[in-house]
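Novice: Line by line, the protein sequences are chains Y and V.
Position one of the first sequence corresponds to residue 2 (the working numbering), numbered consecutively onward.
Position one of the second sequence corresponds to residue 431 (the working numbering), numbered consecutively onward.
Quick one: structure below, then a few questions.
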Amino acid sequence: DAKTTQPTSMDCAEGRAANLPCNHSTISGNEYVYWYRQIHSQGPQYIIHGLKNNETNEMASLIITEDRKSSTLILPHATLRDTAVYYCIVRVPHNSGNTPLVFGKGTRLSVIA
Amino acid sequence: GAVVSQHPSWVICKSGTSVKIECRSLDFQATTMFWYRQFPKKSLMLMATSNEGSKATYEQGVEKDKFLINHASLTLSTLTVTSAHPEDSSFYICSARQRGVQYFGPGTRLTVL
Chain Y
2 DAKTTQPTSM
12 DCAEGRAANL
22 PCNHSTISGN
32 EYVYWYRQIH
42 SQGPQYIIHG
52 LKNNETNEMA
62 SLIITEDRKS
72 STLILPHATL
82 RDTAVYYCIV
92 RVPHNSGNTP
102 LVFGKGTRLS
112 VIA
Chain V
431 GAVVSQHPSW
441 VICKSGTSVK
451 IECRSLDFQA
461 TTMFWYRQFP
471 KKSLMLMATS
481 NEGSKATYEQ
491 GVEKDKFLIN
501 HASLTLSTLT
511 VTSAHPEDSS
521 FYICSARQRG
531 VQYFGPGTRL
541 TVL
């Protein structure tokens with residue numbers, strides 16, 4: 002799986018959009034970008050994933066650059082409950098067999114009232 | 431998304447005793463499940479891959495005789511921490527994959543006195 006680079010921490014004001022960047026310059030053509038988050042003392046929660054097109058669901062939007070070397074997770078209206086560690090992971094989904102996700106250090110997002 | 435449950439959510443035990451943690455996929459079948467461990471302020475570390483009907487695959491440095499894994503059905507995997515010691519105190523999280531997305535349980539906090 003390609004390596005990802007994320008900022009260690011970020012702050013965001015409540016009600017504003019939170020934009021979390023991720024660099025994955027060595028991503029290969031069949032690798033997807035996955036985002037998870039982990040709220041304190043809970044298991045990781047799946048947020049969204051994409052290959053090259055921008056994706057949106059009820060939780061967030063994922064913007065992937067045209068060269069696919071970086072992406073941004075957008076939480077449109079951050080709330081205090083969005084305070085968590087956010088992980089960006091790059092991998093092949095369907096042909097991965099039994100290969101599990103490997104977690105880096107992620108970005109600690111603090112939403113401030 | 432798919433739901434993965436764990437039981438118990440927390441457990442306190444005496445040193446030398448064994449503790450069993452259950453992981454269930456509630457609305458899908460999982461031939462493979464993954465067990466992770468997380469120490470305070472650290473990221474998730476993969477311990478082992480649990481395979482239904484066959485032996486688990488352990489990561490380097492994880493003692494298979496200490497962390498017994500049984501995957502007897504397509505919806506249940508168990509992790510037994512044998513002869514637990516205080517250094518085994520940690521947050522244990524299981525995971526299963528459905529349609530290319532890996533879903534995580536809520537975690538089990540183990541405290542060994």
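Beta carbons are placed, not taken as given, at the ideal position from N, Cα and C, and that holds for glycine.
Here the structure is a predicted model, which means the values were calculated and not measured.
1. Helix, strand or coil: how does DSSP classify residue 69 of chain Y here?
2. For residue 529 of chain V, which three-state DSSP category applies?
3. My guess is that residue 48 of chain Y and residue 74 of chain Y are in contact by the Cβ rule of under 8 Å, so how many angstroms apart are they, rounded?
4. State the DSSP-derived secondary structure class of residue 17 of chain Y, mapped to helix, strand or coil.
5. Out of Y:55, Y:109, Y:105, Y:8, which has the shortest C-alpha to C-alpha gap to residue 69 of chain Y?
6. Can you give me, in chain order, the residues of the stretch 101 to 112 of chain Y that have a beta carbon less than 8 Å from any beta carbon in chain V?
7. How would you write the range of the beta strand (DSSP E) that residue 60 of chain Y sits in, first residue to last?
8. By Cβ distance below 6 Å, which residues in the same chain neighbour residue 527 of chain V in space, the five residues on each side in sequence not counted?
9. So for residue 52 of chain Y, helix, strand or coil by DSSP?
10. List the endpoints of the continuous beta strand (DSSP E) containing residue 39 of chain Y.
11. If you draw a straight line from the C-alpha of residue 87 of chain Y to the C-alpha of residue 479 of chain V, how long is it?
12. Taking CB distances under 8 Å as the criterion, tell me whether residue 47 of chain Y reaches chain V.
13. On a CA-only basis, which of V:534, V:530, V:538 is nearest residue 510 of chain V? Give me that one, please.
14. Helix, strand or coil, according to DSSP, for residue 75 of chain Y in the structure here?
15. Starting from the Cα of residue 45 of chain Y, find the closest Cα among V:433, V:518, V:542 and give me that residue.
16. Using a 10 Å radius around the Cβ and a threshold of 16 neighbouring Cβ atoms, would you call residue 81 of chain Y buried or exposed?
17. Among the candidates V:477, V:466, V:495, whose CA atom is the shortest distance from the CA of residue 535 of chain V?
18. From residue 11 of chain Y to residue 108 of chain Y, what does the alpha carbon distance come to, in whole angstroms?
19. Could you give the DSSP three-state label for residue 22 of chain Y: helix, strand or coil?
20. Sorted by chain position, which residues of the same chain lie with C-beta nearer than 6 Å to residue 494 of chain V's C-beta, five sequence neighbours on each side aside?
Specialist: The short version:
1. As a working mapping, residue 69 of chain Y is identified with position 68 in the first sequence. If DSSP states are grouped into helix, strand and coil, residue 69 of chain Y belongs with coil.
2. Here residue 529 of chain V corresponds to residue number 99 of the second sequence, with the count starting at 1. Here residue 529 of chain V sits in coil by DSSP.
3. Counted from its first residue, the first sequence places residue 48 of chain Y at position 47. Counted from its first residue, the first sequence places residue 74 of chain Y at position 73. Between residue 74 of chain Y and residue 48 of chain Y the Cβ distance is about 7 Å, and since that is below 8 Å, they are a contact.
4. By one-based count along the first sequence, residue 17 of chain Y stands at place 16. Correct three-state label for residue 17 of chain Y: coil.
5. As a working note, residue 69 of chain Y is residue 68 in the first sequence. Per the Cα distances, Y:55.
6. 101, 102, 103, 104, 105, 106, 107
7. One-based indexing of the first sequence puts residue 60 of chain Y at position 59. Run containing residue 60 of chain Y: none; DSSP gives neither H nor E here.
8. Here residue 527 of chain V refers to the residue found at position 97 of the second sequence. Within the same chain, residue 527 of chain V has no close Cβ partners at all.
9. As a position in the first sequence, residue 52 of chain Y is number 51, starting the count at 1. Coil at residue 52 of chain Y, not helix or strand.
10. For the purposes of this step, residue 39 of chain Y is taken as residue 38 along the first sequence, with counting starting at 1. Segment 33 to 39, the beta strand (DSSP E) holding residue 39 of chain Y.
11. Residue mapping note: residue 87 of chain Y aligns to position 86 of the first sequence, counting from 1. Residue mapping note: residue 479 of chain V aligns to position 49 of the second sequence, counting from 1. Whole-angstrom Cα-Cα distance: 23 Å.
12. The count along the first sequence starts at 1 and reaches residue 47 of chain Y at position 46. Output row for residue 47 of chain Y: interface = yes.
13. One-based indexing of the second sequence puts residue 510 of chain V at position 80. That would be V:538, whose Cα lies nearest to the Cα of residue 510 of chain V.
14. The residue you call residue 75 of chain Y lines up with position 74 of the first sequence. Residue 75 of chain Y: strand per DSSP, three-state reduction.
15. Along the first sequence, read from residue 1 onward, the residue named residue 45 of chain Y stands at position 44. The candidate whose alpha carbon is nearest that of residue 45 of chain Y is V:433.
16. Residue numbering aside, residue 81 of chain Y sits at position 80 when the first sequence is read from its first letter. That one is exposed.
17. As a first step, residue 535 of chain V is located in the second sequence; it is residue number 105 there, counting from the start. The option with the nearest alpha carbon to residue 535 of chain V is V:466.
18. Sequence index remark: in the first sequence, residue 11 of chain Y carries index 10 (1-based). Sequence index remark: in the first sequence, residue 108 of chain Y carries index 107 (1-based). Whole-angstrom Cα-Cα distance: 7 Å.
19. What you label residue 22 of chain Y is simply residue 21 of the first sequence in a count that begins at 1. DSSP places residue 22 of chain Y in strand when its eight states are reduced to three.
20. For the purposes of this step, residue 494 of chain V is taken as the residue at position 64 of the second sequence. The residues are 488.
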